[in-house]
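Asker:
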């Protein structure tokens, strides 16, 4: 944009008084033409991309700067809930910055960034998450002799080689005929059920803060027909009480890895380290198919716990 000073107009009035008489009035006007050139363009301030978060004590954030080189910097927004509830926790400059750190304490945290320029703010970047002040057991599998069929369905659970579910070795445990009715509800008494234990999670008994539990099931079936839910419940007291079931609908007969729960999902129960001991912790697998003659195949069952030491 180029701009010259506004036009200048000067009016000069010349008057003379001669012996009480008014002389002829002379007017002079000087003017300056006003010239300018103007162009206007619009732009949308772009957010940074490829946001990532890592760390155990504090969150180390990295990203690719905004493609808009006039961006002055970035706002850091944090939440304890994925997808919502973000609060502004800090800013970083200049626009070429590509890293920052944050120390919110222990727990699971979710971050987004926004580019800033004067009063402009971009939309949110992608979300990145990190669990701080936590430890994880890694995926631990059951012991081969620590399983038994529960009552329900035809009362024999995974009647063929149930111990195969405790090894990631392509050998399968088989529940031949998964129940006695067409119901697909996890808690229906007509569904076959089987429990597994001795996962040797190693969480210290003194632990009082468990952030989440993940269950991995590598499972398939003998054909693709019908609706085929595989459901999982967890127990903290040897099988007396159970969490609400989580489930997935198997869409393929091929052995596929499914994961239930998350590093920040406690399955509706406040866990302690003692709850996760071999004496107390149990996993129950329930096969709920709309075709009760379906065969379920369980190749691997493992549990991972995220906790605050």
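In my numbering, the protein residues as written are 217 to 525.
Just so you know, even glycine gets a beta-carbon here, dropped at the ideal spot from N, CA and C.
Predicted model only: the values in this text are computed from it and were never measured.
1) Can you grab the Cα-Cα spacing for the pair residue 370 / residue 419, in whole Å?
2) By a C-beta neighbour count over all protein chains shown, 10 Å radius and 16 as the cutoff for buried, is residue 489 buried or exposed?
3) Under 8 Å: do the stretch 343-358 and the stretch 307-317 share three or more Cβ pairs, one atom per stretch?
4) Considering Cα atoms alone, identify which of 414, 322, 353 is closest to residue 363.
5) Under the three-state reduction of DSSP, which class applies to residue 382: helix, strand or coil?
6) Nearest CA to the CA of residue 374: which residue from 399, 393, 359, 426?
7) Return helix, strand or coil for residue 365, following the three-state DSSP convention.
8) Does the Cβ of residue 310 have 16 or more other Cβ atoms within 10 Å, making it buried, or fewer, making it exposed?
9) Which complete beta strand (DSSP E) runs does the stretch 430-500 hold, if anything under 3 residues is left out?
10) When you compare the stretch 279-299 with the stretch 346-355, are there three or more beta-carbon pairs, one atom per stretch, that lie closer than 8 Å?
11) Apart from the five residues on each side of it in sequence, which residues of its chain come closer than 8 Å, Cβ to Cβ, to residue 326?
12) In its own chain, which residues sit with a C-beta less than 6 Å from the C-beta of residue 515, not counting the 5 before and 5 after it?
13) Work out the CA separation of residue 381 and residue 425 for me, nearest whole Å.
14) According to DSSP, is residue 339 helix, strand or coil?
15) With DSSP collapsed to three states, give me the class of residue 374.
16) If you reduce the DSSP assignment to three classes, tell me which class residue 284 lands in.
17) Report yes if the CB atom of residue 468 is closer than 8 Å to the CB atom of residue 440, and no otherwise.
18) DSSP has residue 511 in a bridge; who is on the other side?
19) Grouping DSSP H, G and I as helix and E and B as strand, with all else coil, what is residue 321?
20) Using the DSSP secondary-structure output, state which residues sit across from residue 523 in a beta bridge.
21) Using the C-alpha atoms, what's the distance from residue 292 back to residue 493?
22) Determine whether the beta carbon atoms of residue 384 and residue 429 lie at a separation below 8 Å.
23) Sort out for me which residues DSSP pairs residue 516 with in a bridge.
Answerer: According to the data block:
1) 35 Å
2) buried
3) No: fewer than three Cβ pairs fall under 8 Å.
4) 414
5) helix
6) 393
7) strand
8) exposed
9) 444-451, 462-465, 472-477
10) Short answer: they don't touch.
11) 294, 295, 296, 297, 298, 299, 302, 343, 344, 345
12) 388, 434, 471
13) 29 Å
14) coil
15) Residue 374 sits in coil when the DSSP states are folded into three classes, being neither helix nor strand.
16) coil
17) yes
18) 392
19) coil
20) Its beta-bridge partners are 351, 426.
21) 39 Å
22) no
23) 434
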